[in-house]
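Peer 1:
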């Protein structure tokens, strides 16, 4: 039913002829972003394991792997299932997998997939995973998740990491592969120099934990973490192996605002915005304003407001679930009823999670349609 | 693919055994809400035309019609398509349908559906709809959408309403049926008495417009508007025909806070919350807090935060796309890793739009699974 409902137009169709709201991906910009991270990592002798929670699309995962990624990260078991079913290997699930039913789903993936890994942050979970692996006669690789101070998941740095690693090492069915230290709260610190300083300080706790593990003779093959905001900082951390950047392929208004390398006042332009929402002006109830057909069901609402692409002086505000309002403060061009306009999205990940397809655009033409098969896979 | 990914458990399954996050619908509460609006309207000799943008589920639309609804409202053309395909008739599209492509979709529905109506708020759109209807040899019924002061859609009250109605009356292929006056900004005014006072004042503009139309000999068969916050106020407006309540079947934290009839300090309890999200505690990085597996992709973020159901003293905060944090301030019970908890949702409409299914629960057992076929239908 759902596929039928999306009027999929392909071939020599202009993006301006698409029905709206529609999620667009500028292919040239997207490909440049892919290449930029890949080349940066190669030059700096580090690796990347991109997070697919951003795009939820196996086609994009495969492009990331072709560009040199070690494998991928998935936030949830159900996302990993979608990726594994598409033939993708070397998947790291970056959240603890708790409850017997979810562990059963995890083992279902493990049966058919090589290179599956999951993070753990408590002893009971180690026991549960070990028992499930033994029952299914499988070997499951795990990383110890370390709390970087964000208090979301992870064991405390230092001795608790060593204790949990030892526990894993003596558990049948499990393999200890290393550590995850994802400092989410460092990704969007404003200004590169401040971000670098605080991130390097924060990562010190992971370095110390790794040192303690090695002192005990425990091999730490993987030291993964970081994201789009720290991809060019993390590789300077001793022993760090791979960065989990996700947003770099799309960018969004939130990331643009974190400040560039040369100046915190400038936009963060290491990567360029490739993801937009196409919307139509549908009503003009008062002069000086116009209403578009994209509201809270077309854009994530947790970040700054969406921003018009290529048009200045016309801020957007949410006007309910189905509408947005544009105010002509100092407009660089006119917008009339029936006109289509493009918006840079506020926060890319939850915006993508509202759509079923990317319309892939090159030179304003719809080149392809990619299914967001992992949409809604929050389990 | 998507259906396969949702591990659908049915039969004698307890809701506590469902994988999470999952959207639950308490059937007893839902049915009581259905009945309450229906009985209220019958007693007060008024009608209701519920808005399906809230639930996006044909099964629920049919239950609303069985409970006495005149028909349904849909916000978008693509939502109306889903409903029409399920055999539902008498659909009012409550937003202007602009652009040739969208009008073609609209006429596609009209071909196979009786009682389709759409609102209009500008002359150019009247011309476009008239031409499309003539081309397809169809008759399309329209309502004039009046701007209630929210400046989102609609013509100004008074003479502009009469001018547009006259334009419709002389346009081949179109039928003028009446007016829509949806005062969205009145729905959540805190305290019943204040809400009633301001809503009645606001509705006066619609009453005056209707009077002007009738003075010109134009019959106004439909005067639709209002919602869950004003369902028990609007029928006192002279000439008002039907209320567009949507949220009444589910309720949410936002609506609960608008204040009851007896006291603005009390919760709004005309309808009771039937919609919840089931989530699992997956990590406890620090004492006094615990992390659950439901974040910005499991709850809409535009309203107040979600609230635990049946447990007090433990506020929720968003911790990124995949996680929420619970703080044990004054907990009425313990929550441990692996425990499942239920949340009242912040804002029901955009929360539903994140999920593909309702798990229908009665006496804690999964009685049925209803597909949210209109999810993502924002076009």
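Chains as they are written, first to last, in the numbering used here: chain W, 154 to 532; chain L, 154 to 532.
Cβ atoms here follow ideal geometry from the backbone N, Cα and C, with glycine treated the same way.
(1) Assuming contact is defined by CB atoms lying nearer than 7 Å, are residue 299 (chain W) and residue 398 (chain W) in contact in what I supplied?
(2) Against chain L, does residue 421 (chain W) count as a neighbour if the rule is that its beta carbon must be under 7 Å from one of theirs?
(3) Once DSSP output is grouped into helix, strand and coil, what is the label at residue 500 (chain W)?
(4) Should residue 234 (chain L) be labelled buried (16 or more other beta-carbon atoms within 10 Å of its own) or exposed?
(5) One question on the structure: do residue 463 (chain W) and residue 470 (chain W) come within less than 7 Å of each other, judged by their Cβ atoms?
(6) Can you check DSSP and say which residues form a bridge with residue 376 (chain W)?
(7) If you measure between the beta carbons of residue 332 (chain L) and residue 295 (chain L), is that distance less than 7 Å?
(8) Return yes when the Cβ of residue 253 (chain L) is within less than 7 Å of the Cβ of residue 436 (chain W), no when it is not.
(9) Taking only runs that begin and end inside the segment 351 to 419 of chain W, name each unbroken alpha helix (DSSP H) of 4 or more residues, in chain order.
(10) Rounding to the nearest angstrom, what Cα-Cα distance links residue 525 (chain L) and residue 219 (chain L) in this structure?
(11) Taking DSSP's pairing of strands, which residues face residue 521 (chain L) in a bridge?
(12) For residue 286 (chain L) versus residue 326 (chain L), is the C-beta spacing smaller than 7 Å?
(13) Cβ of residue 240 (chain L) versus every heavy atom of the ligand MG: is any distance shorter than 6 Å?
(14) Does any residue of chain W have a CB that is nearer than 7 Å to the CB of residue 397 (chain L)?
(15) Taking a Cβ distance cut-off of 9 Å, strictly less, list which residues of the segment 424 to 454 of chain W are near chain L, in chain order.
(16) For chain W, find out if any of its Cβ atoms is closer than 7 Å to the Cβ of residue 274 (chain L); answer yes or no.
(17) Express the C-alpha separation of residue 386 (chain W) and residue 365 (chain W) in angstroms, rounding to a whole number.
(18) Applying the criterion that 16 or more other CB atoms from any shown protein chain within 10 Å of the CB defines a buried residue, is residue 533 (chain L) buried or exposed?
(19) Rounded to whole angstroms, what is the Cα-Cα separation between residue 456 (chain L) and residue 186 (chain W)?
(20) With 7 Å as the threshold, decide whether the Cβ of residue 341 (chain W) is near any Cβ in chain L.
(21) Whose CA, out of W:203, W:238, W:508, W:323, lies closest to the CA of residue 284 (chain W)?
(22) Would residue 404 (chain W) and residue 438 (chain W) be called neighbours here (beta carbons separated by less than 7 Å)?
(23) So if I threshold CB-CB distances at 7 Å, which residues from the segment 243 to 256 of chain L count as touching chain W?
(24) Answer yes or no: does any C-beta atom of chain W fall closer than 7 Å to that of residue 333 (chain L)?
(25) Any beta-carbon of chain L closer than 7 Å to the one on residue 475 (chain W)?
(26) In the structure shown, what three-state DSSP assignment does residue 199 (chain W) receive?
(27) Take every Cβ of the segment 301 to 318 of chain L, pair it with every Cβ of the segment 341 to 352 of chain L, and state whether three or more of those distances are shorter than 8 Å.
(28) Mind checking which residues open and close the beta strand (DSSP E) that includes residue 212 (chain L)?
(29) Who does residue 471 (chain W) pair with in a DSSP beta bridge?
(30) Given this structure, state the Cα-to-Cα distance separating residue 486 (chain L) from residue 380 (chain L), to the nearest angstrom.
(31) For the candidate residues L:407, L:408, L:373, whose alpha-carbon lies nearest to that of residue 391 (chain L)?
Peer 2: From the atom records:
(1) no
(2) no
(3) coil
(4) buried
(5) no
(6) W:332
(7) no
(8) no
(9) 406 to 409
(10) 19 Å
(11) L:513
(12) yes
(13) By its list of ligands, the structure shown contains no ligand whatsoever, and the ligand MG lies outside what it can speak to.
(14) no
(15) 433, 434, 435, 436, 437, 438, 439, 442, 444, 446, 447, 448, 449, 450, 451, 453, 454
(16) yes
(17) 23 Å
(18) Because chain L in this structure spans residues 154 to 532, residue 533 (chain L) falls outside the shown range and cannot be described.
(19) 34 Å
(20) no
(21) W:323
(22) no
(23) 248, 249, 251, 252, 254, 255
(24) no
(25) yes
(26) coil
(27) no
(28) Residue 212 (chain L) -> not in any beta strand (DSSP E); alpha helix (DSSP H) instead, spanning 211 to 219.
(29) W:477
(30) 36 Å
(31) L:373
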